[in-house]
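Everything on this sheet refers to the single structure shown next.
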Amino acid sequence: MEFGHILMFFMISSTGFSAEISVFVQTGASVQLDIQTQQLPEFDLLSWITNKSESILRYNSDSKRIKPHDSYKDRVDFNYTTFSLTLKNMQKTDSGLYTARTSGESDKNIVTYTVSVIDAVEAPVLTVNSNRSSSDSCTVNFTCRAHELMIDSSYQNNRCFPEKETSQINTLILDCSEESIICNHSNPVSWKKDRINITQLCFNKENNSKNIQTGSSLLGPVVGLVAVCILICLSVFLYCKYKKDAQDDGEGSSVYAQVEVSFKLLFIIQLTDITDIISCYLVLFNHVKHQKYFGKMYHVHLFLQYLVICLDASIDTNQ
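So in the UniProt record's numbering, the last spot in the sequence shown is 319, and the numbers never skip.
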């Protein structure tokens, strides 16, 4: 059973012991109201009443029986030993004064409770406004907000200054550790918090930067390797095409030698402008595909001259 947080204020009067107790209880929860004294005067009836003079429950000391009010019949429990009263499923309309009173030779108020039924707090929200981090420092500017309360602060050099804001019964507290920023929102019946991991804010940014630099440094060699593979495959295709056509015309030996020279030249190209080199070879590929020039030695020479021009242009671009 969940009971409200109790703040107690006692008053001693000349007519006897009397206590006023302030109680906060969460909406929908239960609250126990105790007599707060071990010795009661002799009495015939003990009643728990509200500030509206409405009797919640009456206990008869002779018959040892209770008589709850109809509106509270399913919402109250009574302890026959301590005479405490438990109210269930409290709603905001149940807020008010609750008094235990004895009747006999004289009527006496034994204890009075001021009961306040309130809602649980809403969860706070931590928002990072900016963060700057380096290898030796980290600064995070953030806002902690809940209900009508707000705290702006900064985390720097592995710490921030604890701060506190209050509004009526709500409290907003900001605190930091080496690993976290913590925002705590509370009232007398509940509390909730939000947390941000400092480690992720301060070090992920630096790590991401390193990863980007590493990725960029690897991108060039990878692209170059792919381009080399493409050029090699294309050169092999051209070589095979030359060889086949040259064999058909009986003039293969001269073509083989010149094509082999152009094939070897591919391995000395510095791939700084991959687009131009690939474009050059695509032109040659289309030339071979659509024109049957390799049957004549004259056109083989023209092809090889154009190939050398492409290679020279690529080398000049790299330089």
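A virtual CB, placed ideally from N, CA and C, is assigned to each residue, including glycine.
The beta-bridge partner set that DSSP reports for G28 is empty. By alpha-carbon distance to N60, the top candidate from G104, V140, N51, S135 is G104. In chain order, R132, Q156 place their CB closer than 6 Å to the CB of T139, counting only its own chain and leaving out the 5 sequence neighbours on each side. Taking C-beta atoms as the reference points, I56 and Y80 fail to come closer than 7 Å. Below 8 Å, too few C-beta pairs join the stretch 142-150 and the stretch 37-52 to call them touching: fewer than three.
L126 and S47 have their C-alpha atoms roughly 49 Å apart.
Its Cα nearest to that of T93, the residue I118 stands out among T102, A100, I110, I118.
Rounded to whole angstroms, the Cβ separation of A29 and M90 is 6 Å, and the two are in contact under 8 Å. Cβ neighbours of L201 within its own chain (closer than 6 Å, five residues either side excluded): N131, V140. Here the alpha carbon of I182 sits roughly 52 Å from the alpha carbon of L45.
Apart from the 5 residues on each side of it in sequence, S190 sits with its Cβ closer than 7 Å to the Cβ of Q26, A120, V121 in its chain, given in chain order. The Cβ atoms of P188 and D175 do not sit closer than 7 Å to each other. Contact check for T86 and Q32: beta-carbon distance about 5 Å, within the 8 Å limit, so the pair qualifies.
In the three-state scheme derived from DSSP, where H, G and I count as helix and E and B as strand, T81 is classed as coil. Assigned with DSSP and collapsed to three states, L40 falls in coil, not helix or strand. Secondary-structure assignment with DSSP links H185 through a beta bridge to L172, K192. Annotated as proximal: I173 and N184, with beta-carbon spacing under 7 Å. Proximity to F24 across Q38, E178, N170, I230 peaks at N170, based on C-alpha coordinates.
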